[in-house]
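Everything on this sheet refers to the single structure shown next.
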Amino acid sequence: MIKRIAQTAGFAGLAGALFLTLLQSFWVAPLILKGETFESAEPATEHVVAEHSHAAGAPAHEHEHSSEAWSPEDGWQRVLSTTGGNLVVAVGFALMLAGLYTLRAPGRTRDGLFWGLAGFATFCLAPSLGLPPELPGTAAADLQLRQYWWIGTATGTAVGLALMVFAHHWAVKIVGAVLLVIPHVIGAPQPEVHSSLAPEALEHQFIWASLITNALFWSALGLLSAWLYRRFAGSNAV
Amino acid sequence: MSSSTLTHSAEASASLSQRLVLAIGAGLLGALLVYFAGFSHIEAVHNAAHDTRHSAAFPCH
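Listed below in structure tokens is the structure:
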């Protein structure tokens, strides 16, 4: 069983990460680079400085290329390290899916699509409602607070969706629906002044690029993991 | 034997509590990986996974 989870997560994560990297290179990555040109053109903008003073003792903003921490060079180094980041994240997500499959095995490969879309809703769509995907150089509230809200929202959405789909009693389903809504009633931490270095049109394009890329990635990860999990069915002494 | 029968016999071989432990373990390990690449404050990790974070709509800066 452990071997089955590891195989499913490993292969689905690897393929999903490569697919994600490919998708990113078409739309998301060029937009990030474009966003950074505005950032480097205007490095001393007040809100950037203000925001980064929150990072307790952290040396400086990454784009100022402080000499203290390693940072990939633009070009193959950057693509490679992004692929690495994608791989770690994709294997992580695939492990969660494979873990859930041990409780509720997908009866058909296409059941994986629903698991994938649930993952998209949990880890991308719901947090994006409060904290939309951002280009570098967008004003935002304290990083720690946003991370707490993000994690809380993802947890609430995951539990809420599970209750709504799998619970039998209507009252429990309602609890699930409430859990879905609570993070958005509380509201995401917002910056005091909304501002962005990149033009608004570029920001909007980035939001769509990110959401569509993530939706495709999650659909692929769900389908792949369900297919692999079913394929590895024979090979699993616990 | 159809693959769904295989799935069922495989599941029967592990008890519910075993499967729960596995599911929770896999979920925690997965969350740890996502946290490491997507949320950790280590400067070098942030820089390496920078584009991953922006693309995935994780809070980054």
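Chains A and B, in that order, give the protein sequences. Counting with this note's numbering, you get residues 7 to 244 for the letters of the first sequence. Counting with this note's numbering, you get residues 4 to 64 for the letters of the second sequence. Idealized CB from N, CA, C, for every residue including glycine.
(Q) Starting from residue 34 of chain A, trace the alpha helix (DSSP H) in both directions and tell me its first and last residue. (A) On the first sequence, position 28 is the one that residue 34 of chain A refers to. Per DSSP, residue 34 of chain A is one residue of the alpha helix (DSSP H) stretching across 34–47.
Q) Going by alpha carbons, who is nearest to residue 122 of chain A out of A:99, A:38, A:14, A:228? A) Taking the first sequence and counting its residues from 1, one reaches residue 122 of chain A at position 116. Of the candidates A:99, A:38, A:14, A:228, the one whose C-alpha sits nearest the C-alpha of residue 122 of chain A is A:228.
Q. Secondary structure at residue 31 of chain A, three-state DSSP: helix, strand or coil?
A. Indexing the first sequence from 1 puts residue 31 of chain A at position 25. Of the three classes helix, strand and coil, the one that applies to residue 31 of chain A here is helix, per DSSP.
Q: On a CA-only basis, which of A:21, A:42, A:15, A:28 is nearest residue 32 of chain B? Give me that one, please.
A: For the purposes of this step, residue 32 of chain B is taken as the residue at position 29 of the second sequence. Looking at the Cα atoms, A:15 is the closest of the given residues.
Q) Just to confirm, are residue 94 of chain A and residue 36 of chain B a CB contact at a threshold of 7 Å? A) For the purposes of this step, residue 94 of chain A is taken as the residue at position 88 of the first sequence. For the purposes of this step, residue 36 of chain B is taken as the residue at position 33 of the second sequence. One thing to note: residue 94 of chain A has its Cβ within 7 Å of the Cβ of residue 36 of chain B.
Q | For residue 159 of chain A, three-class secondary structure by DSSP | A | Walking along the first sequence from the start, residue 159 of chain A turns up at place 153. Looking at residue 159 of chain A - three-state DSSP - the assignment turns out to be helix.
Q: Return no unless some Cβ of chain A is closer than 7 Å to the Cβ of residue 47 of chain B.
A: Taking the second sequence and counting its residues from 1, the one referred to as residue 47 of chain B is at position 44. Using a Cβ-Cβ cut-off of 7 Å, residue 47 of chain B counts as an interface residue toward chain A, since at least one Cβ of chain A sits closer than that to its own.
(Q) Please report the distance separating the alpha-carbon of residue 141 of chain A from that of residue 19 of chain A. (A) Counting from one through the first sequence, the residue named residue 141 of chain A turns up at place 135. Counting from one through the first sequence, the residue named residue 19 of chain A turns up at place 13. Between the alpha carbons of residue 141 of chain A and residue 19 of chain A lies a distance of about 25 Å.
Q | Continuous alpha helix (DSSP H) assignments of at least 4 residues falling wholly in the stretch 102–150 of chain A | A | For the stretch 102–150 of chain A, the continuous alpha helix (DSSP H) assignments of 4+ residues that do not extend past its boundaries occur at 117–126, 132–136, in sequence order.
Q: Tell me residue 202 of chain A's beta-bridge partners as DSSP assigns them.
A: As a first step, residue 202 of chain A must be located in the first sequence, where it is residue number 196. DSSP, once it has assigned bridges, lists A:144 as partnering residue 202 of chain A.
Q) Since residue 261 of chain A contacts residue 199 of chain A with CB under 8 Å, what's their CB separation in whole angstroms? A) Any property of residue 261 of chain A remains undetermined from this structure, which presents chain A solely from 7 to 244.
**Q.** Boundaries (first-last residue) of the alpha helix (DSSP H) holding residue 74 of chain A
**A.** The sequence position of residue 74 of chain A within the first sequence is 68, counting from 1. Run containing residue 74 of chain A: none; DSSP gives neither H nor E here.
**Q.** alpha helix (DSSP H) segment containing residue 51 of chain B, residue limits
**A.** What you label residue 51 of chain B is simply residue 48 of the second sequence in a count that begins at 1. Unbroken alpha helix (DSSP H) run through residue 51 of chain B: 46–51.
**Q.** Through-space distance from residue 30 of chain B to residue 232 of chain A, alpha-carbon basis
**A.** Residue 232 of chain A sits at position 226 when you count from the first residue of the first sequence. Residue 30 of chain B sits at position 27 when you count from the first residue of the second sequence. Taking C-alpha positions only, residue 232 of chain A is separated from residue 30 of chain B by approximately 16 Å.
Q | Residue-chain proximity (residue 108 of chain A, chain B), Cβ-Cβ < 7 Å | A | In the first sequence, residue 108 of chain A corresponds to position 102, counting from 1. Yes, because at least one Cβ of chain B sits closer than 7 Å to the Cβ of residue 108 of chain A.
Q. Which residues, in chain order, does the stretch 120–136 of chain A contribute to contact with chain B at a C-beta distance below 7 Å?
A. In summary, the residues of the stretch 120–136 of chain A whose CB is separated from some CB of chain B by less than 7 Å are 130, 133, 134, in the order they occur in the chain.
(Q) Closest to residue 136 of chain A by C-alpha separation, out of A:177, A:190, A:89, would be which residue? (A) By one-based count along the first sequence, residue 136 of chain A stands at place 130. It is A:190 whose Cα lies nearest to the Cα of residue 136 of chain A.
Q. Which residue's Cα is closest to the Cα of residue 22 of chain B: A:169, A:226, A:152, A:10?
A. Working through the second sequence from its first residue, we reach residue 22 of chain B at position 19. Looking from the CA of residue 22 of chain B, the closest CA among A:169, A:226, A:152, A:10 belongs to A:10.
Q | Boundaries of the alpha helix (DSSP H) in which residue 34 of chain B is found, first to last residue | A | Start at 1 with the first residue of the second sequence, and residue 34 of chain B comes out as number 31. Counting along the chain, the alpha helix (DSSP H) containing residue 34 of chain B begins and ends at 19–42.
Q) In three-state terms, what does DSSP make of residue 189 of chain A? A) Your numbering for residue 189 of chain A matches position 183 in the first sequence. The answer is helix: DSSP assigns residue 189 of chain A an H, G or I state.
Q) According to DSSP, is residue 63 of chain A helix, strand or coil? A) Mapped onto the first sequence, residue 63 of chain A falls at position 57. With a pLDDT of only 41 at residue 63 of chain A, under the threshold of 50, the placement of this residue in the model should not be trusted, and no figure is reported.
(Q) Tell me the rounded alpha-carbon separation between residue 133 of chain A and residue 160 of chain A. (A) In the first sequence, residue 133 of chain A corresponds to position 127, counting from 1. In the first sequence, residue 160 of chain A corresponds to position 154, counting from 1. Straight across, the Cα-Cα distance linking residue 133 of chain A with residue 160 of chain A is about 7 Å.
Q.
Using the Cβ count rule (16 or more neighbours within 10 Å means buried), how would you classify residue 206 of chain A?
A. Position 200 of the first sequence, counted from the first residue, corresponds to residue 206 of chain A. Residue environment analysis places residue 206 of chain A among the exposed positions, since fewer than 16 neighbouring C-beta atoms fall within 10 angstroms of its C-beta.
Q. Roughly how many angstroms lie between the CA atoms of residue 230 of chain A and residue 223 of chain A, to the nearest whole one?
A. Against the first sequence, residue 230 of chain A aligns to sequence position 224. Against the first sequence, residue 223 of chain A aligns to sequence position 217. Straight across, the Cα-Cα distance linking residue 230 of chain A with residue 223 of chain A is about 10 Å.
Q) What is the rounded straight-line gap between the Cα of residue 43 of chain A and the Cα of residue 238 of chain A? A) One-based indexing of the first sequence puts residue 43 of chain A at position 37. One-based indexing of the first sequence puts residue 238 of chain A at position 232. Roughly 47 Å separates the two Cα atoms.
Q. Grouping DSSP H, G and I as helix and E and B as strand, with all else coil, what is residue 7 of chain A?
A. On the first sequence, residue 7 of chain A is found 1 positions in, with the first residue counted as 1. If DSSP states are grouped into helix, strand and coil, residue 7 of chain A belongs with coil.
**Q.** Distance, residue 8 of chain A Cα to residue 17 of chain B Cα
**A.** As a working note, residue 17 of chain B is residue 14 in the second sequence. As a working note, residue 8 of chain A is residue 2 in the first sequence. Rounded to whole angstroms, residue 17 of chain B and residue 8 of chain A show a C-alpha spacing of 11 Å.
**Q.** chain A within 7 Å of residue 24 of chain B, Cβ atoms only
**A.** For the purposes of this step, residue 24 of chain B is taken as residue 21 along the second sequence, with counting starting at 1. Nearest CB-CB separation between residue 24 of chain B and chain A: not below the 7 Å threshold.
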